[in-house]
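Trainee: Going down the list, the sequences are from chains A and B.
Using this note's numbering, you'd call the opening residue of the first sequence number -8 and step up by one each time.
Using this note's numbering, you'd call the opening residue of the second sequence number -8 and step up by one each time.
C-beta: ideal position from N, C-alpha, C; glycine also.
Every value quoted in this text rests on a predicted model; they were computed, and no experiment measured them.
The structure under discussion is supplied below as structure tokens; questions concerning it will follow.
There are 2 protein chains.
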Amino acid sequence: MNNLVQIKRLQRYRMALLRLKNMGLKKTFSHSLSEETGVSPVLIRKDFSQFGIRGKRRGGYDIDSLLDELKLLFGREKEQNVVLVGLGNIGAALVKYEGYRQSNMNMVAVFDIDPVKRTRRYSVPVYSLESLREVVNAFDVSVAILAVPEFSAQETAHYLVENGISGILNFAPVLLKLPGHVLVNNINIMIELERLMYHIGVRTKPI
Amino acid sequence: MNNLVQIKRLQRYRMALLRLKNMGLKKTFSHSLSEETGVSPVLIRKDFSQFGIRGKRRGGYDIDSLLDELKLLFGREKEQNVVLVGLGNIGAALVKYEGYRQSNMNMVAVFDIDPVKRTRRYSVPVYSLESLREVVNAFDVSVAILAVPEFSAQETAHYLVENGISGILNFAPVLLKLPGHVLVNNINIMIELERLMYHIGVRTKPI
DNA sequence: TAGATTGTTAATCGATTAACAATC
DNA sequence: TAGATTGTTAATCGATTAACAATC
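The following block contains the structure:
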């Protein structure tokens, strides 16, 4: 099993389960989850089975316990701290975003080189990058959101890694070159739009 | 070949090529591109070959022509229009974002149900959702960015599809249920962070 | 020419599915 | 019990890699 792909599927199952729970359902079956997620029923059962999640032979899966097991699997019982670097358009939107609490995450600090931006008042303190190491140590941070301009992304990412960060959610539209032990997830809006357009185009293209 | 995965790789090659071009290089080789992207040299050559992109047996690939061919492949020579729906935190950041032009995309309109938000002045006009169909027809829009709150995402997405949208870049943290012909790309910040944390956690977990 | 690199065909590997046994 | 569903083992399928031929 390609673990990366499998983990993505597990996250997808969880989103579907939240939806079903929200609709007031208590239990579900591999075929219902399949309908919600587009993943085949066998594969769903196999994924669950491989992570030690068991259903009832005839009664399907209990939604609440499924969600609990997934939460456990993703280590979401204990709160995890993140930092944000860069207070531009996207950075500002990300500080104001309210969803962290709900996912048991906590944004403990924001960093920006611009002193003017550091005077802005958010629910999260804004520091100069010089304080990064201190914050990383104090709050045991291993993951950072990188939302700086393209031209400084590589340099800043490198600085983050030097100061103890080992996972980066990168919003800058560049391929970061970092030591092999560092994990990077890229969010690139243009690339996502482009891929949508490509697939739509191909589909509607005359033979 | 899983076309979805292959297309993602091609986009990745392009990002690497832009970096190399930026560094002043004129040509490259499958092994250099491999170093930049983490994809094996054979697979890179195979990908190019399958899309009819040819190198020189001994001289590698010309970066500019490679970029041209990829641009052509992704249909990026002709401008494509998109709309944005939802002017919340993320929506506001996305209107202000400057990268569309560069990718030969054009945001032609923003939609929000809140009349107060419609008075805000951006470089893009803000309308009520009632005008959606008109804009879609006038500007031949097939892709929309959805940045509305979670509770209204499903309903709004459905409305978009009813009015001619067939590709959605979804920022709302929900699994959208839409007709099979509609393509959805999800951008979910919490899920990305969570996956980073999972992989870091697994890696550092004691045996 | 020798060496380096592309491009392709065959082999391998891993992920998904089919078949079916287990059981509630 | 019969029927429905899970969970697993074996088969298939597709994607990646290995091997190598082509050629600049």
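Might you give, ordered along the chain, the residues of its own chain that have their beta carbon closer than 8 Å to the beta carbon of residue 50/B, omitting 5 neighbours on each side?
Mentor: By the criterion of a C-beta distance shorter than 8 Å, residue 50/B is surrounded in its chain by 18, once the five residues flanking it on both sides are discounted.
Trainee: From what residue to what residue does the beta strand (DSSP E) around residue 29/A run?
Mentor: Looking at the DSSP string, residue 29/A is not in any beta strand (DSSP E), and its letter there is neither H nor E.
Trainee: Taking the beta carbon of residue 71/B as the centre, do at least 16 other beta carbons fall within 10 Å, making it buried, or is it exposed?
Mentor: Counting every other CB atom within 10 Å of its CB across the protein chains shown gives residue 71/B a total of 16 or more, marking it as buried.
Trainee: With a cut-off of 8 Å, does the C-beta of residue 92/A fall near any C-beta of chain B?
Mentor: No, residue 92/A lies away from the interface with chain B (no Cβ there is under 8 Å from its Cβ).
Trainee: Quick one: is residue 65/A buried, meaning 16 or more other Cβ sit within 10 Å of its Cβ, or exposed?
Mentor: When all chains shown are included, residue 65/A counts as buried.
Trainee: Check whether chain A comes within 8 Å of residue 165/B, counting only Cβ atoms and requiring the distance to be less than that.
Mentor: yes
Trainee: Let me check one thing: in DSSP terms, what residues is residue 208/A bridge-paired to?
Mentor: Absent from the model: residue 208/A. The displayed extent of chain A is -8 to 198, so no value can be given.
Trainee: At what residues does the beta strand (DSSP E) containing residue 136/B begin and finish?
Mentor: 134 to 137
Trainee: Run through the DSSP bridge pairs and tell me what residue 201/A is partnered with.
Mentor: With chain A represented from -8 up to 198, any question about residue 201/A goes unanswered, as that position is not in the structure.
Trainee: Residue 38/B by DSSP, collapsed to three states: which one?
Mentor: helix
Trainee: If you draw a straight line from the alpha carbon of residue 79/A to that of residue 100/A, how long is it in whole angstroms?
Mentor: 15 Å
Trainee: If contact is defined by three or more beta carbon pairs under 8 Å, each pair taking one atom from either stretch, is the segment 77 to 94 of chain B in contact with the segment 80 to 88 of chain A?
Mentor: yes
Trainee: Can you tell me where the alpha helix (DSSP H) holding residue -4/A begins and where it ends?
Mentor: Here the alpha helix (DSSP H) through residue -4/A covers -6 to 13.
Trainee: Give, in chain order, every unbroken run of the beta strand (DSSP E) that is at least 3 residues long and sits entirely within the segment 169 to 196 of chain B.
Mentor: 174 to 177
Trainee: Please list the partners that residue 88/B has in chain A, where partner means a Cβ-to-Cβ separation under 8 Å.
Mentor: 80, 81 and 180
Trainee: Kindly say whether residue 10/B, judged by its beta-carbon, lies nearer than 8 Å to any beta-carbon of chain A.
Mentor: With 8 Å as the cut-off, residue 10/B counts as an interface residue toward chain A.
Trainee: Might you give, ordered along the chain, the residues of its own chain that have their beta carbon closer than 8 Å to the beta carbon of residue 150/A, omitting 5 neighbours on each side?
Mentor: 120 and 123
Trainee: Out of 172/B, 157/B and 77/B, point me to the one whose CA is closest to residue 184/A's CA.
Mentor: 157/B
Trainee: Which residue's Cα is closest to the Cα of residue 98/B: 108/B, 105/B, 106/B and 133/B?
Mentor: 133/B
Trainee: Among 177/A, 194/A and 190/A, which one has its Cα closest to the Cα of residue 6/B?
Mentor: 177/A
Trainee: Give the single residue among 32/A, 31/A and 60/A whose Cα lies nearest to the Cα of residue 45/A.
Mentor: 60/A
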